[in-house]
Amino acid sequence: KMSKSDPNNAVILHDSRELLQKKMKKAFLEVGNSSSAVFEITEHVILPILGEISIIPDPKYGSPSKFTDPKAFVDAVSDGTVHPLDAKLAVADSLSEILQPLSEYFERNPEIIQIMESITAMS
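Laid out in structure tokens, this is it:
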């Protein structure tokens, strides 16, 4: 489960690739449950924007694969074709790709992050 109330447990727009990977590694992935956050992010964010999700496992554990259909992705994780950790890392990498323009913007304008953090600290 990922929760916005805990920034260490939520995807934040200016998260780095490394931080997204760290967060996704910790994310709970219920294999076979298409409502799991990892699968939901894939279906509702990654596939509509990128058109596919690429899985690149360690070569000793399998070959790279791509999915354009959310059900096929869920099924591949469920049947062991794709290891859950590889699925989570692929989601992190895809999110990083999607958020790259924002990351670059925030890198050039760090004061915006400070403003956002001061606003969220008030709530």
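Going letter by letter, the sequence shown gives residues 90 to 212 in the working numbering. Think of the CB as a built atom: it goes at the ideal place given N, C-alpha and C, for glycine as much as any other residue.
**Q.** I208, buried or exposed, once every other Cβ within 10 Å from all chains shown has been counted against 16
**A.** Mapped onto the sequence shown, residue 208 falls at position 119. Exposed, by the Cβ-count rule.
Q) In this structure, does DSSP put F117 in helix, strand or coil? A) Position 28 of the sequence shown, counted from the first residue, corresponds to residue 117. Reduced to three states, the DSSP call for F117 is coil.
Q: Could you have a look at S143 and say whether DSSP puts it in helix, strand or coil?
A: Locating residue 143 in the sequence shown gives position 54, counting from the first residue. Here S143 sits in strand by DSSP.
Q. So K160 is in the alpha helix (DSSP H); what residue range does that whole segment cover?
A. In the sequence shown, residue 160 corresponds to position 71, counting from 1. Per DSSP, K160 belongs to the alpha helix (DSSP H) from P159 to S167.
Q. R106: which of D168, L191, E206 and H133 sits nearest, CA to CA?
A. Along the sequence shown, one-based indexing puts residue 106 at 17. With distances taken between Cα atoms, R106 lies closest to L191.
**Q.** Chain-order list of residues whose beta-carbon lies under 7 Å from that of Y150 (same chain, five-residue window excluded)
**A.** Along the sequence shown, one-based indexing puts residue 150 at 61. Excluding positions up to five away in sequence, the list reads H172.
Q) Looking at S143 and A179, is the spacing between their C-beta atoms short of 8 Å? A) As a first step, residue 179 must be located in the sequence shown, where it is residue number 90. As a first step, residue 143 must be located in the sequence shown, where it is residue number 54. Their beta carbons are under 8 Å apart, which means A179 touches S143 by this criterion.
Q | Cβ neighbours of L121 in the same chain (closer than 6 Å, five flanking residues each side left out) | A | Sequence index remark: in the sequence shown, residue 121 carries index 32 (1-based). The sequence shown places Gly at residue 121, rather than the Leu named in the question. Taken in chain order, the residues that qualify are S167.
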